[in-house]
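1 is the number of the first residue of the sequence shown in full-length UniProt numbering; add one for each residue after it.
For each residue, glycine too, the CB sits at the ideal point set by N, CA and C.
Have a look at the structure below, then the notes.
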Amino acid sequence: MASTSQTQKGRDGVRSMLSVAIKATSVAKAACHGIPPAQAAFGIAGDLLTMIRDSITNQQDFADLVQACTKVCKILDGGLKGRRLGDLSPSVLEAIGELTTTLAGIKSEIVKLDNRNAASKTFHANSDKDKIARWNGDLDRICQIFDLELQINNTILLTDVHRHLRAGPEDAIGQGQSTQASVPVGEVLPPPPRACFGRDKLIEEIIGLAENLEPVALIGAGGIGKTSIALAVLHHDRVKDRFGDNRRFIRCDQFPASYLHFLARISQVIGAGVENPEDLTPLRQSLSSREMIMFLDNAESILDPQGADSRKIYAVVEELSRFENICLGITSRITTVPPHCKRPVLPTLSADSACEIFYAIYTNSGQSDVIGELVRQLDFHALSITLLATTAAHNGWDHNRLAKEWDARRVQVLRTHHNESLAATIELSLDSPTFRQLIPSSKSHRVAASPTFRKLIPSPILRKIPPSARELLEVVAFFPQGIDEKNLDWLFPTTSNREDIFDKFCILSLTHRNNGFITMLAPIRDYLCPLDPESSPLLCATKYRYFTRLSVDLHPDRPGFQEAEWIKSEDVNVEHLLDVFTSIDPNTHNVWKACCHFMDHLYWHKPRNTLLGSKIEDLPDGHRSKVKCLFDLSALFGVVGNHTETKRLLVHTLTLEKENGDDVCVARTLGFLCDVNRILGLYTEGIQQAEEALEIYKRRRNTINQASCLNDLARLLLADEQLDGAENAASRAIDLLPEKGQAFLLCDSHRVLGKIYRDKGEKEKALDHFETALRIASRFNWQYLLFWIHFGMAELFSCEGEFGNANTHIQQAKSHAIDHAYKLGRAMELQARLWFQQRRLEDARSEVLAALEIFERVGAAKDAGRCRELLQEIEQAIERQSIPEKSDFSGEFSRHNAAPDPC
1 MASTSQTQKG RDGVRSMLSV AIKATSVAKA ACHGIPPAQA AFGIAGDLLT MIRDSITNQQ
61 DFADLVQACT KVCKILDGGL KGRRLGDLSP SVLEAIGELT TTLAGIKSEI VKLDNRNAAS
121 KTFHANSDKD KIARWNGDLD RICQIFDLEL QINNTILLTD VHRHLRAGPE DAIGQGQSTQ
181 ASVPVGEVLP PPPRACFGRD KLIEEIIGLA ENLEPVALIG AGGIGKTSIA LAVLHHDRVK
241 DRFGDNRRFI RCDQFPASYL HFLARISQVI GAGVENPEDL TPLRQSLSSR EMIMFLDNAE
301 SILDPQGADS RKIYAVVEEL SRFENICLGI TSRITTVPPH CKRPVLPTLS ADSACEIFYA
361 IYTNSGQSDV IGELVRQLDF HALSITLLAT TAAHNGWDHN RLAKEWDARR VQVLRTHHNE
421 SLAATIELSL DSPTFRQLIP SSKSHRVAAS PTFRKLIPSP ILRKIPPSAR ELLEVVAFFP
481 QGIDEKNLDW LFPTTSNRED IFDKFCILSL THRNNGFITM LAPIRDYLCP LDPESSPLLC
541 ATKYRYFTRL SVDLHPDRPG FQEAEWIKSE DVNVEHLLDV FTSIDPNTHN VWKACCHFMD
601 HLYWHKPRNT LLGSKIEDLP DGHRSKVKCL FDLSALFGVV GNHTETKRLL VHTLTLEKEN
661 GDDVCVARTL GFLCDVNRIL GLYTEGIQQA EEALEIYKRR RNTINQASCL NDLARLLLAD
721 EQLDGAENAA SRAIDLLPEK GQAFLLCDSH RVLGKIYRDK GEKEKALDHF ETALRIASRF
781 NWQYLLFWIH FGMAELFSCE GEFGNANTHI QQAKSHAIDH AYKLGRAMEL QARLWFQQRR
841 LEDARSEVLA ALEIFERVGA AKDAGRCREL LQEIEQAIER QSIPEKSDFS GEFSRHNAAP
901 DPC
């Protein structure tokens with residue numbers, strides 16, 4: 001009985017504590033009406049305490065938690081009483097954000113408990129009691145954080161107030177103002193940022209403008225650091241010396257965006273003593289009586305062109321910018337600022353400065369390359385780096401855990417403790433009048449959002465976002481490069497006012513223009529990108545437009561070849577599109593078909609490796625797209641010089657094609673495989689494969705492909721020094737080709753014959769065939785063949801000792817290799833050999849080192865080996881300051897230039 005009585009007393013005590021705590025949170029919430037984040041924290045605390053009171057059976061187990069909540073509320077209430085949002089330092093706001101997240105987490109767990117059946121609403125398991133203990137520990141830790149941060153914040157505020165009060169009435173009278181007017185107690189400047197990494201030059205530039213009383217505007221996306229820079233300027237010693245106490249900072253998002261509220265705020269801040277001014281007239285005397293620096297922070301809140309009083313507010317700001325005694329500073333996300341304002345460039349941070357920001361917060365362990373990569377992925381965005389570092393520090397993550405969490409959840413990691421911080425900086429732009437009026441029909445603003453967007457944007461903001469504008473933002477956010485501004489018409493043909501919408505996005509700093517693309521900073525992109533791309537109708541439509549554009553069957557002598565060069569600027573976007581949609585459904589044939597078209601575009605117009613390779617190889621051998629994808633991937637490896645990988649993929653392709661019994665595809669693959677074996681020096685194997693392919697085409701009476709095989713065979717025989725056989729094969733190829741319609745193969749045959757006659761020592765015949773090939777390739781502007789023709793002619797003149805002509809053709813070859821690293825490396829290697837012969841040893845060394853770096857980067861091992869041998873010869877010659885005789889070098893030159901081209 002005694003035990004039962006004690007238990008009942010314990011329950012009654014906890015219920016009494018709960019009643020007191022719930023009432024305390026309600027009172028504190030009402031008292032903090034000027035600090036919305038604190039109100040949210042008190043609201044969640046009150047909710048979870050009410051749930052414990054009304055739903056939990058064993059309330060005595062929660063006694064410590066109730067006491068912890070009460071303690072936090074007392075500290076918070078005591079520290080914030082009489083304060084406004086502008087009085088709080090970023091650290092205090094961060095602590096409030098952490099408190100809110102922690103309380104919300106506890107509340108969600110109690111909701112889960114409340115959803116149990118009636119018989120199991122008691123926290124009976126040890127694991128549940130462990131949870132309560134952990135919550136108590138979290139809240140106790142937050143108590144300590146708040147206590148420290150509030151003490152620091154209040155000390156800073158009191159120090160500033162006391163400093164101004166100690167100035168005394170004499171100092172104030174000397175300036176023609178009362179003490180109260182000089183420094184209104186409620187308008188003390190916010191403290192400076194603890195650090196402002198990487199902005200020294202920009203701050204110096206702004207201070208120079210301030211000293212000349214020039215108006216200045218800092219324009220940029222949310223979270224890029226505009227406010228921190230403004231505060232750093234206001235607290236700089238030179239600015240203090242120049243303006244003294246006449247330094248003003250107005251947070252324009254802390255009052256209604258109306259003309260009268262703005263005037264009243266100016267009057268209050270400058271100490272004019274004018275109640276509710278109706279225009280600027282009664283304030284002009286105070287404004288003009290002394291030199292002053294005044295920053296309008298978050299000015300997009302009042303300068304939005306679509307705002308109710310935007311014209312009258314803009315007129316006031318424009319007049320303020322013309323006062324000769326005032327330096328007006330503006331921080332804004334929108335570009336509609338007075339024309340007199342200087343607008344210094346506000347770039348993202350440098351890599352070093354971004355890392356400094358991170359390590360200033362995250363001190364858990366030493367520095368790591370992992371952090372450098374993470375801040376790069378964040379586009380060196382100051383706010384996002386701060387949030388990431390704070391999250392990692394609070395969770396005690398090491399570098400590897402942080403990287404793992406980022407890879408898995410990306411932007412969600414930035415919300416772990418500070419969802420309000422990142423959300424607010426983006427949603428401020430989304431909720432602006434300019435954004436809401438992009439689509440004039442108010443009904444369209446109420447269309448339901450996609451499920452993925454609903455997860456990211458709170459419903460009050462979501463309901464105001466025009467669906468068409470929202471989907472456009474999703475598309476921009478999806479693509480790493482953004483979207484090419486020249487392509488708006490074919491990407492969004494059904495959006496009639498697309499140019500105007502994208503102009504507004506840029507005005508609001510949701511997007512920016514970069515090298516012809518409309519793009520976003522990485523954190524904004526991660527925030528707005530749809531989690532499920534298939535849920536965005538406009539993105540799916542964009543996908544099919546790209547697929548259609550890729551579907552051109554490319555060949556140098558077919559229509560549409562030159563137009564396909566668009567891939568040079570959009571390859572990263574297309575690759576990302578394919579990477580995402582092949583992951584969503586690897587069995588969709590049209591996506592893999594688009595992959596093949598994409599690799600074909602890269603092959604002809606921007607040769608490089610692709611991250612799609614591993615996905616292609618992971619496809620089951622029975623997948624209907626596997627063979628074609630493997631073949632196109634092998635061609636791509638070949639054109640960048642990685643011939644070992646090319647052969648491996650072609651052998652796999654050939655095996656699958658033989659299993660399928662497809663003779664035409666077998667012959668095609670044999671033709672490519674024989675050429676790879678030629679490049680790898682496996683001439684006998686290559687000749688057998690060329691002859692096998694030739695027999696297949698003969699059986700099928702396909703003379704065009706026979707000619708192509710004969711060209712392959714001629715190159716193999718040339719490399720194997722069977723010059724007569726090579727001459728015969730290339731000549732037969734020309735005989736098989738019609739006079740019209742196969743210019744590409746005809747050009748290639750003449751080029752091969754030029755190489756054959758060069759090695760036979762018949763210069764005139766070689767030159768004749770090279771020039772014929774050059775005329776054909778020039779007529780069609782075939783960059784690929786033009787390179788190898790000039791390369792072959794440079795080899796010819798080099799062997800003949802005509803170095804001037806050789807150098808001319810090397811330069812021509814380089815001009816046709818701008819977008820092709822491997823070919824550029826080959827031209828550099830040939831240039832190095834030419835300079836070596838001309839005794840330009842240092843030039844030769846520099847050139848061959850550049851070629852070696854290219855070959856190593858693209859995986860061209862055999863070419864890299866040749867360059868290492870040449871480098872050794874050059875360095876030996878430099879060491880003894882001599883060079884082999886011309887006759888010796890010519891022999892070496894011919895041997896090295898037997899290195900086959902992959903054309």
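- request: Evaluate residue 611 with the Cβ neighbour count: other Cβ atoms within 10 Å of its Cβ, from every protein chain shown; 16 or more gives buried, anything less gives exposed.
  value: exposed
Selected residue, minimal CA-CA separation from residue 247, among 296, 688, 221: When only C-alpha atoms are compared, the closest one is 296.
query: Can you tell me where the beta strand (DSSP E) with residue 329 in it begins and where it stops?
result: 326-332
field: residue 547 versus residue 594: straight-line alpha-carbon distance, rounded
entry: Pairing residue 547 with residue 594, the inter-Cα distance amounts to about 6 Å.
Cβ-Cβ distance between residue 203 and residue 232 below 7 Å: Yes. Within cutoff.
message: Is the beta carbon of residue 824 closer than 7 Å to that of residue 848?
response: no
- request: Would you mind working out which of 706, 719, 667 sits nearest residue 680, comparing C-alpha positions?
  value: 719
field: Residue burial classification, residue 583 (beta-carbon count within 10 angstroms, cutoff 16)
entry: exposed
Beta-carbon proximity check, residue 730 vs residue 749, cutoff 7 Å: yes
task: Report buried or exposed for residue 589, applying the criterion of at least 16 other Cβ atoms within 10 angstroms of its Cβ.
output: exposed
- prompt: Which value, in whole angstroms, describes the spacing of the CA atoms of residue 369 and residue 356?
  reply: 13 Å
task: In angstroms with no decimal places, state the Cα-to-Cα distance between residue 913 and residue 305.
output: Beyond the ends of the chain as shown, which are 1 and 903, falls residue 913; an answer cannot be given.
Ordered list of alpha helix (DSSP H) runs contained in the segment 779-853, each at least 4 residues: 783-799, 803-815, 821-837, all fully within the segment 779-853.
- request: Out of 493, 707, 768, 335, point me to the one whose CA is closest to residue 793's CA.
  value: 768
query: residue 337 to residue 314, Cα distance in whole Å?
result: Taking the straight line from one Cα to the other gives about 8 Å.
- prompt: CA-CA distance, residue 494 and residue 502?
  reply: 15 Å
- prompt: Going straight from the alpha carbon of residue 74 to that of residue 32, what length do you get?
  reply: Whole-angstrom Cα-Cα distance: 12 Å.
message: I need the straight-line Cα distance from residue 127 to residue 61, nearest angstrom please.
response: Low confidence applies here, because residue 127 scores a pLDDT of 47, under 50, leaving its location unreliable; read the following figure in that light. Each residue's alpha carbon lies about 13 Å from the other.
query: For residue 855, which option in 844, 845, 846, 867 has the closest C-alpha, if you only look at C-alpha atoms?
result: 867
query: For the beta strand (DSSP E) that residue 297 lies in, which residues bound it at each end?
result: 292-297
- request: Express the C-alpha separation of residue 402 and residue 358 in angstroms, rounding to a whole number.
  value: 12 Å
- prompt: Should residue 555 go down as buried or exposed, given a rule of 16 or more other Cβ atoms within 10 Å for buried?
  reply: exposed
task: Round the Cβ separation of residue 789 and residue 836 to the nearest angstrom and send it over; I've been treating them as touching at under 8 Å.
output: Residue 789 to residue 836, Cβ: 24 Å. No contact.
- request: Write down every uninterrupted run of the alpha helix (DSSP H) in the segment 188-232 whose length is 4 residues or greater and which is fully enclosed by it, in chain order.
  value: 200-211
CB of residue 597 within 7 Å of CB of residue 539, strictly: In this structure, the beta-carbon distance from residue 597 to residue 539 does not fall below 7 Å.
- prompt: In the DSSP assignment, what are the bridge partners of residue 513?
  reply: 518
First and last residue of the uninterrupted beta strand (DSSP E) at residue 250: 247-251
query: Does DSSP classify residue 154 as helix, strand or coil?
result: A caution first: residue 154 carries a pLDDT of 48, below 50, which makes its placement in the model too unreliable to give a value.
task: In angstroms with no decimal places, state the Cα-to-Cα distance between residue 67 and residue 17.
output: 8 Å
field: Cβ neighbour criterion (16 or more within 10 Å) applied to residue 880
entry: exposed
query: In whole angstroms, what is the alpha-carbon distance linking residue 821 and residue 609?
result: Spanning the two alpha carbons is a distance of roughly 11 Å.
- request: Return the residue from the list 659, 210, 110, 505 that minimises the CA-CA distance to residue 468.
  value: Ranked by Cα distance from residue 468, the first of 659, 210, 110, 505 is 505.
message: I'd like to confirm the pairing. Which residues does DSSP put opposite residue 756 in its beta bridges?
response: For residue 756, no pairing in a beta bridge is given by DSSP.
query: Is residue 740 helix, strand or coil when you go by DSSP?
result: coil
message: Quick check on residue 288: buried or exposed, where buried means 16 or more other Cβ atoms within 10 Å of its Cβ?
response: exposed
- prompt: What's the C-alpha gap between residue 331 and residue 575?
  reply: 37 Å
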